[in-house]
Amino acid sequence: MTSQIFPQLDIPQTLAAGPGPGNTDARVLQAFARAGVADHMQGDVLRGMIECKLMLRQIWGTRNTYTFAVAGTGWSALDTMFSAVMPGDKVVAFVNGTFSGIDALTLRIKAATPSELAASPLDPQAASVTVIEVPHGQSVTAETIEAALAEHKPKWAFMAHWETGSGRINDLRGFSDACERHGVMGLVDAVSSLGVENFAIDDFPGVAGWAACPQKGLCCLPLTYAPVSFTDAYIASLKATGAYTYVHNPIFEARHWGIVDDRDVEKGTYHRTHSGYAVAAFHEALRLTLQEGLARRSDAYRRHEKVLRDAVTEMGCEVTSDMSSLVVLNLPADLAGREMELVQNCRARGFGIWPTLSAPVQVRIGILNQLDREAVSTIVRLFADAIRELGGNVDHAAVEALLESRYGTSIAA
Ligand SMILES: *Cc1c(COP(=O)(O)O)cnc(C)c1O
Numbered sequence: 001m002t003s004q005i006f007p008q009l010d011i012p013q014t015l016a017a018g019p020g021p022g023n024t025d026a027r028v029l030q031a032f033a034r035a036g037v038a039d040h041m042q043g044d045v046l047r048g049m050i051e052c053k054l055m056l057r058q059i060w061g062t063r064n065t066y067t068f069a070v071a072g073t074g075w076s077a078l079d080t081m082f083s084a085v086m087p088g089d090k091v092v093a094f095v096n097g098t099f100s101g102i103d104a105l106t107l108r109i110k111a112a113t114p115s116e117l118a119a120s121p122l123d124p125q126a127a128s129v130t131v132i133e134v135p136h137g138q139s140v141t142a143e144t145i146e147a148a149l150a151e152h153k154p155k156w157a158f159m160a161h162w163e164t165g166s167g168r169i170n171d172l173r174g175f176s177d178a179c180e181r182h183g184v185m186g187l188v189d190a191v192s193s194l195g196v197e198n199f200a201i202d203d204f205p206g207v208a209g210w211a212a213c214p215q216k217g218l219c220c221l222p223l224t225y226a227p228v229s230f231t232d233a234y235i236a237s238l239k240a241t242g243a244y245t246y247v248h249n250p251i252f253e254a255r256h257w258g259i260v261d262d263r264d265v266e267k268g269t270y271h272r273t274h275s276g277y278a279v280a281a282f283h284e285a286l287r288l289t290l291q292e293g294l295a296r297r298s299d300a301y302r303r304h305e306k307v308l309r310d311a312v313t314e315m316g317c318e319v320t321s322d323m324s325s326l327v328v329l330n331l332p333a334d335l336a337g338r339e340m341e342l343v344q345n346c347r348a349r350g351f352g353i354w355p356t357l358s359a360p361v362q363v364r365i366g367i368l369n370q371l372d373r374e375a376v377s378t379i380v381r382l383f384a385d386a387i388r389e390l391g392g393n394v395d396h397a398a399v400e401a402l403l404e405s406r407y408g409t410s411i412a413a
């Protein structure tokens, strides 16, 4: 084989205007680059991890001792959360899009018996897992949840809080209440909602496990930490059954964050090699979130999403989502079927919007960490250009008038 050294890799600056990752905050990047070389048992790295844990509990509104973060991405946190699900465990999973679909696959893998896994290793049909499919574009409702939990009485129930695939918010209150009523331990994929929506874990006592990610609401893409939180009931179940993993066992993983034997201790103990760069970046992202305040930030998302939603509606698109960080839409009727072409045109110009990843094909435009007039106006104008480029009709003056009327006075910030 001939050896080959490639030129240095240059990655351009693009506008990350999709479902995530979002625009990493400049403060986070600075913290990443400013950190010195230090090993994972150095005092300030360990102190930083303890401080992250304490800030995370505030942001997430919880007294759960087992609140910390898992090195990696959202799936790392989700894998950790699902680690207590054992072969044969009875599970009900609600699926209304791409991500909850993958979560349900994970649950089928974890809950499959050895023979079920052997029969279909990549897509096991676990008899103990009931998957309730809710059509794309719709939310999971309290009635659906109640009916399924009453019928199946599982050990675990799963739902995504915000399903990023279709941009739909599911009924977390209904989920938690139904889990409490039926003595079920709820597991929630909060990857898209943490850091965007203002909610507190402890208001949802039916939920035993939570998993999130660094790069969406927390504005922290440099591969860092995916938050998780577990109630005592979850940990008790995990202690009773064990889990088929070392690295993603919440009890083991928590030790490096200074949680040992169900208590906070002063100093973490070795679980795996953590990066001082990543700890510094994550720490800054959490500080930023607390300084802005979740109430203020979630209000800003609502206001700016409304502007984007109304602007694309003015262009003839139909919005089917209700998340505040993301707009999922159908193109005007005369452009139907050309969604991929439009998205590819935009991406080729560094305007990083997305299609849906499962049927039906729709366009997704996100505003993660783009919460000001200039950023949202830029997104609106680039999208209008893309529609025009395909031969669609956009009333330029009407779109500009809409932006001016929304931003000219009241919500300039
Ligand atoms: C983004 C996302 C994931 C996957 O997260 P990664 O960080 O890509 O691992 C899972 N669930 C939901 C709801 C998401 O939005």
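Residue 260 in UniProt numbering sits at position 260 of the sequence shown; the count goes up by one each step and never skips. From the three backbone atoms N, C-alpha and C, an ideal C-beta is built for every residue, glycine too.
The segment 345-365 makes no contact with the segment 206-213: fewer than 3 CB pairs, one atom from each, lie closer than 8 Å. D171 sits in coil when the DSSP states are folded into three classes, being neither helix nor strand. Beta-bridge partners assigned by DSSP to P227: A69. For P19, the closest of A384, G217 and L382 by C-alpha to C-alpha distance is G217.
Taking 7 Å as the cut-off, the C-beta of Q215 counts as close to a heavy atom of ligand 1. By the Cβ neighbour-count rule, D264 is exposed, with fewer than 16 other Cβ atoms within 10 Å of its own. Contact check between the segment 85-99 and the segment 273-287: fewer than three CB pairs, one atom from each, fall below 8 Å, which does not count as touching.
Per DSSP, N345 lies in no beta strand (DSSP E) segment; the continuous alpha helix (DSSP H) that holds it begins and ends at E339 to A348.
A direct Cα-to-Cα measurement between D232 and G61 gives close to 16 Å. Between T14 and the set F351, C219 and L294, the nearest pair of CA atoms involves F351.
In this structure, I367 places its C-beta atom within 8 Å of the C-beta atom of I379.
Proximity of the beta carbon of F175 to ligand 1 is not indicated: no heavy atom of the ligand is located closer than 7 Å.
Beta bridge pairing from DSSP links N330 with E318. The beta carbons of S128 and G88 sit closer together than 8 Å. Pairwise C-beta distances place the segment 186-199 in contact with the segment 70-89, as three or more of them are shorter than 8 Å. Y270 and R34 have their C-alpha atoms spaced approximately 24 Å apart. Below 8 Å, enough C-beta pairs join the segment 34-54 and the segment 245-265 to call them touching: three or more. Contact between the segment 390-405 and the segment 302-317 is present: 3 or more CB-CB pairs across the two stretches fall below 8 Å.
Residue pairing by DSSP places G352 opposite A16 in a beta bridge. At a cut-off of 7 Å, the beta-carbon of T164 counts as near ligand 1: some heavy atom of the ligand is closer than that.
Looking at the DSSP output, V95 sits in a beta bridge with E133.
For ligand 1, no non-hydrogen atom lies closer than 7 Å to the CB of T289. At least one heavy atom of ligand 1 falls within 7 Å of the beta-carbon of V191. In the DSSP assignment, A375 falls outside any beta strand (DSSP E) and within the unbroken alpha helix (DSSP H) covering R373 to E389. The residues P124, A126 and V129, in chain order, have a CB closer than 6 Å to that of R108 in the same chain once the five nearest residues on each side in sequence are set aside. Remark: the shortest separation between the CB of F99 and any heavy atom of ligand 1 falls under 7 Å.
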